[in-house]
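**Q** This is the structure I have questions about; it appears just below.
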Amino acid sequence: MENKIIVKLQNIAVDYDGERVLNNINLDIMDKEFITFLGPSGCGKTTTLRIIGGFQAPVEGDVFFDGKRINDLPPYKRQVNTVFQRYALFPHLNVYENVEFGLKISKLPEKERHIRVLEALELVNLKNYDKRRINQLSGGQQQRVAIARAIVNRPKVLLLDEPLGALDLKLRKEMQTELKRIQQSLGITFVYVTHDQEEALTMSDRVVVMKDGDILQIGTPQDIYNEPVNAFVADFIGESNIIDGLMHKDYLVEFCNDYFDCVDKGFEPMEQVQVVIRPEDIKIVKPEGAKLSGLVESITFKGVHYEIIVNSLSHNWIIHSTQSVEVGSLIGMEVTPEDIHIMKRMEEE
131 MENKIIVKLQ
141 NIAVDYDGER
151 VLNNINLDIM
161 DKEFITFLGP
171 SGCGKTTTLR
181 IIGGFQAPVE
191 GDVFFDGKRI
201 NDLPPYKRQV
211 NTVFQRYALF
221 PHLNVYENVE
231 FGLKISKLPE
241 KERHIRVLEA
251 LELVNLKNYD
261 KRRINQLSGG
271 QQQRVAIARA
281 IVNRPKVLLL
291 DEPLGALDLK
301 LRKEMQTELK
311 RIQQSLGITF
321 VYVTHDQEEA
331 LTMSDRVVVM
341 KDGDILQIGT
351 PQDIYNEPVN
361 AFVADFIGES
371 NIIDGLMHKD
381 YLVEFCNDYF
391 DCVDKGFEPM
401 EQVQVVIRPE
411 DIKIVKPEGA
421 KLSGLVESIT
431 FKGVHYEIIV
441 NSLSHNWIIH
451 STQSVEVGSL
461 IGMEVTPEDI
471 HIMKRMEEE
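Count along the sequence shown starting at 1, add 130, and that's the number in our numbering.
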């Protein structure tokens with residue numbers, strides 16, 4: 131991936147009805163990357179997208195595109211296109227005419243339009259659908275038309291606002307793979323908005339986790355999953371066991387009335403911390419001699435693994451394991467130093 135910055139957001143703030151919804155956002159979006167804004171409803175991810183698209187102006191801060199400040203540039207003059215959750219296709223036009231619409235407005239010669247439309251339809255796997263009416267298409271096919279219409283103008287950046295939200299689970303999964311393929315074949319920047327953690331982890335080169343108008347963490351899907359900066363990120367990006375602990379010194383943490391080696395350092399001696407252990411990282415062992423043990427409260431078969439809830443020292447642990455155990459039995463739980471992740475204690479809100 132080239133390390134060229136295509137979009138730069140600098141100290142961006144946005145107010146709605148006197149209330150701040152984006153607080154001083156700073157973000158560099160790289161050329162040709164697939165970057166996803168992830169967070170719960172109302173965290174500011176769509177507002178950030180609208181700032182890049184020019185549909186909304188910040189009250190403070192600057193938007194740069196390819197090094198030029200574009201705060202005052204209207205949407206149609208930006209090299210950016212948007213695919214919304216509601217595809218906003220024209221029902222009275224067929225597939226070909228829908229995709230061609232933007233090119234007609236920009237007065238492109240008919241021959242060039244024809245080549246581009248057919249290329250775009252082939253890219254989204256709708257090669258022989260050009261004469262179809264929009265109401266003859268499935269949700270997934272309409273989604274592809276919306277993407278073809280957005281990429282036919284060859285924007286440098288494509289903004290996608292929860293575009294798979296209206297699709298059923300199987301189709302969503304297919305479209306995730308498809309979108310990643312389209313992005314890679316086009317070699318343009320995709321900026322994607324979702325509240326679906328799996329979607330973000332599956333498709334993105336980088337994920338931006340947002341909450342209450344702030345960016346909490348930016349990183350690769352692996353970074354965000356394995357090294358969350360706080361309990362909110364850890365919990366939002368997948369199930370976690372989060373326990374209060376005490377960092378005695380570098381590489382040594384106390385939790386659940388015992389001492390554990392870990393791989394974290396740089397905390398104050400005796401600093402109160404939070405310990406994150408992912409459910410799939412806990413190994414079930416015999417209770418004798420195990421530092422952690424507890425009673426199995428429930429077990430649920432999830433297809434690829436069992437989800438086991440274990441009560442230990444008034445803490446309910448979640449374990450994901452391919453091993454089945456009896457409800458009511460006493461088990462031991464084992465974690466390696468690498469499975470223990472230490473985070474700063476979050477301020478109480």
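Heads up, the beta-carbon is just placed ideally off N, CA and C, and yes, glycines get one too.
Classify K134 as helix, strand or coil using the three-state DSSP reduction.
**A** Secondary structure at K134: coil, using DSSP grouped into helix, strand and coil.
**Q** Rounded to whole angstroms, what's the CA-CA distance from E304 to Q453? Just pull it up for me.
**A** Inter-residue distance for E304 and Q453 is about 30 Å (C-alpha atoms, whole angstroms).
**Q** Tell me the rounded alpha-carbon separation between R180 and E242.
**A** Note on geometry: alpha-carbon atoms of R180 and E242 lie some 30 Å from one another.
**Q** Who are the near neighbours of G174 in its chain, counting only those whose CB is closer than 6 Å to its CB and skipping five residues on each side?
**A** Only V151, L152, M340 and G343 meet the Cβ criterion.
**Q** May I ask which residues mark the beginning and end of the beta strand (DSSP E) holding S315?
**A** Segment L299 to L316 is the alpha helix (DSSP H) holding S315; no beta strand (DSSP E) there.
**Q** Taking all protein chains shown into account, do 16 or more other C-beta atoms lie within 10 angstroms of the C-beta of S459, making it buried, or fewer, making it exposed?
**A** exposed
**Q** Please determine, among Q215, I472, F164 and L157, the residue with the shortest C-alpha to C-alpha distance to S370.
**A** I472
**Q** Sort F195, V403 and D394 by Cα distance to E468 and report the nearest one.
**A** D394
**Q** By DSSP, does D469 sit in helix, in strand, or in coil?
**A** helix
**Q** For N258, count neighbouring Cβ atoms within 10 angstroms of its own Cβ and tell me buried if that reaches 16, exposed if not.
**A** exposed
**Q** Have a look at K416 and L422 and give me their C-alpha separation to the nearest angstrom.
**A** 10 Å
**Q** Within this structure, are the beta carbons of G183 and V210 separated by less than 8 Å?
**A** yes
**Q** Going by DSSP, which residues form a beta bridge with H450?
**A** Answer is E437, bridged to H450.
**Q** Is S315 buried or exposed, if buried means 16 or more other CB atoms sit within 10 Å of its CB?
**A** Exposed, since its Cβ has fewer than 16 Cβ neighbours within 10 Å.
**Q** According to DSSP, is E479 helix, strand or coil?
**A** Low confidence applies to E479: its pLDDT is 42, below 50, so where it sits in the model is not reliable enough to give any reading.
**Q** Let me know if Q266 comes out buried or exposed under the rule of 16 or more other beta-carbons within 10 Å of its beta-carbon.
**A** Label assigned to Q266: exposed.
**Q** Report the partner residues of S423 according to the DSSP bridge assignment.
**A** Beta-bridge pairing by DSSP links S423 to G462.
**Q** Please name the residue, chosen from T324, G295 and R274, that lies closest to L309 on a Cα-to-Cα basis.
**A** R274
**Q** Would V426 pass as a contact of V455 if the rule is Cβ separation under 8 Å?
**A** Against a cut-off of 8 Å, the Cβ pair of V455 and V426 comes out as a contact.
**Q** Does the pairing of the segment 322-330 with the segment 285-300 give three or more beta-carbon distances under 8 Å?
**A** yes
**Q** Buried or exposed for I414, going by 16 or more other Cβ atoms inside 10 Å?
**A** buried
**Q** When you compare only the Cα positions, how much space is there between D161 and L376?
**A** 42 Å
**Q** With three or more beta-carbon pairs closer than 8 Å as the criterion, would you say the segment 276-287 touches the segment 222-230?
**A** yes
**Q** Kindly indicate if chain D contains any beta-carbon less than 8 Å away from that of Q327.
**A** Looking at the structure shown, chain D is missing, and only one protein chain is on hand.
**Q** Mark Y217 as exposed unless 16 or more other C-beta atoms lie within 10 angstroms of its C-beta, in which case mark it buried.
**A** buried
**Q** If you follow the alpha helix (DSSP H) that G148 is in, where does it begin and where does it stop?
**A** First-last for G148: undefined, no H or E at that position.
**Q** For a quick check, are the C-beta atoms of G424 and V440 less than 8 Å apart?
**A** yes
**Q** Assign R263 to buried or exposed, taking buried as 16 or more other Cβ atoms, counted over all protein chains shown, within 10 Å of its Cβ.
**A** By the neighbour-count rule (16 or more Cβ atoms within 10 Å), R263 is not buried but exposed.
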